[in-house]
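Asker:
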Ligand code: ADP
Ligand code: ZN
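Residue numbers (this note's numbering): -5 to 440.
#1: Quick one: does the C-beta of residue 206 sit closer than 7 Å to a heavy atom of the ligand ADP?
#2: Mind listing which residues have their beta carbon within less than 6 Å of any non-hydrogen atom of the ligand ZN? Chain order is fine.
#3: Would you mind reading off the limits of the beta strand (DSSP E) that contains residue 240?
#4: Go to residue 382, then tell me how far its alpha helix (DSSP H) extends in each direction, as first and last residue.
#5: According to the Cβ coordinates, are residue 188 and residue 422 closer than 8 Å?
#6: Give a single yes or no on whether residue 69 has its beta carbon closer than 7 Å to a heavy atom of the ligand ADP.
#7: Along the beta strand (DSSP E) that carries residue 429, what are the first and last residues, could you check?
#8: Going by C-alpha distance, which of 387, 95, 32, 125 is nearest residue 10?
#9: Looking at residue 206 and residue 236, is the spacing between their C-beta atoms short of 8 Å?
#10: The ligand ADP heavy atoms versus the CB of residue 97: any closer than 7 Å?
#11: Is residue 114 closer than 8 Å to residue 160 when the C-beta atoms are compared?
#12: Decide if residue 116 is buried, meaning its Cβ has at least 16 other Cβ atoms within 10 Å, or exposed.
#13: Roughly how many angstroms separate the alpha carbons of residue 442 and residue 80, rounded to a whole number?
#14: Can you list, in chain order, the residues of its chain with a C-beta nearer than 6 Å to that of residue 211? Leave out the 5 residues immediately preceding and following it.
#15: Provide the residue span of the beta strand (DSSP E) that contains residue 263, from first to last.
#16: The ligand ADP and residue 219: does any heavy atom of the ligand fall closer than 7 Å to the residue's C-beta?
#17: What would DSSP say about residue 415, mapped onto helix, strand or coil?
#18: How big is the Cα-Cα spacing for residue 71 and residue 45?
#19: I'd like to check one pair, residue 281 with residue 274: are the Cβ atoms closer than 8 Å?
#20: Does the stretch 216 to 232 touch the stretch 34 to 51, meaning 3 or more C-beta pairs lie closer than 8 Å?
#21: List the endpoints of the continuous alpha helix (DSSP H) containing residue 114.
#22: Taking all protein chains shown into account, do 16 or more other C-beta atoms lie within 10 angstroms of the C-beta of residue 193, making it buried, or fewer, making it exposed?
So this is what it looks like as structure tokens:
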């Protein structure tokens, strides 16, 4: 396979690691087919569960003749990884495994993903291509405030940053006071963390009297690992003057760096030369054409430690059909607004936390901190939203607060069509998170 040409001349601002991003589509499809055929054969020979499921369906690796034939293959799910815990889906021999990552899961056993050195390099390549796309270069100082450890956030951005030649500051999560101090003292230009943790850093900076524009060199925020809205992005950029980039990934498929947004900020390019995406109807499991919303499914086509075949992410999105004006040929998915298991059914209506977030962020006097609390009375669901009032808007003027409450309610109601009870709370009173935040407390009887 010849290496694709850079789209611009040698003086191009495009970083060499980005060359693959612009690969001609035909060449890309040929590479994907080649890798899919290889992965199918590899997983069939090495992963008993995959072989058993293929045999049950009467599918053999040689039946994969085109990319569309992927639909012949069986799906995999998080429960498979749990049932086969700890290492039932491992493809490579133990002497090739160099690192494990586990994802928390919210209940029960975690899932465990063994990685080979090549897998780590594929992942690092994805993270580097995201950073390069954001405009991050060797001269940048990158503070990695994602948790280090079993969670993929910390090490994923760490390797990506080092690969780009950045000066990496591995603060991990926590000790927010020190995070702000180091950011200022070391001239940090880019920070990577969950969007909810960045809100906490903003709070702490305010407390210390640190103004991002005046007192820091911060230019880039690399946010992911949890759903966040465009409205949240705008609020963060307005408040701090940085550019907020979106990074997507999951432990099962690699970690952060599976996809990221380009300067268009209109969806995330998927590095589909390694992570082959499909969108399916979550009910019928039929593949949907590009452009339709459904569940995102990934097949890893160049990983050996744990080859994931048609893995159902439960994330909801659609793949854009339009070419991206930035010139990259890798397909773009819309930002993940929700996980299918985040959907709440309240009074019979489907509600996603992101819709509530989008409504709240229309009201400048409320901070982007909120929590949805559901409980049940004898007959009905009780639906409350606790919303923090910003420091500037906080007062003990009852009429003022009542008016604010009414506007918050109207903003939420206009989006979800339901009338929750709005509870305004004082600045800094809702729980903060160093990792992924829990936006919903559902105490309803199941
Ligand atoms: P867990 O399932 O335990 O949360 P991970 O830490 O691997 O496991 O998280 C992966 C999930 O995080 C994704 O499937 C997705 O739901 C969410 N996620 C990651 N990045 C983003 C992002 N940029 N936008 C929205 N959701 C994201
Ligand atoms: Zn683009």
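Glycine included, every Cβ here is placed at the ideal spot set by N, Cα and C.
Computed from a prediction, not measured in an experiment: that's the story for all the values here.
Answerer: Let me lay it out:
#1: no
#2: 256, 258, 263, 318, 320, 322
#3: 237 to 243
#4: No alpha helix (DSSP H) contains residue 382, which is instead part of the beta strand (DSSP E) from 375 to 383.
#5: No.
#6: Not under cutoff, so the answer is no.
#7: That residue, residue 429, is in no beta strand (DSSP E); it is neither H nor E in DSSP.
#8: 125
#9: yes
#10: yes
#11: no
#12: buried
#13: Outside the shown range of the chain (-5 to 440) lies residue 442, about which nothing can therefore be said.
#14: These residues qualify, in order along the chain: 181, 183.
#15: 262 to 264
#16: yes
#17: Correct three-state label for residue 415: strand.
#18: 15 Å
#19: In this structure, residue 281 lies closer than 8 Å to residue 274 by Cβ.
#20: no
#21: 111 to 128
#22: buried
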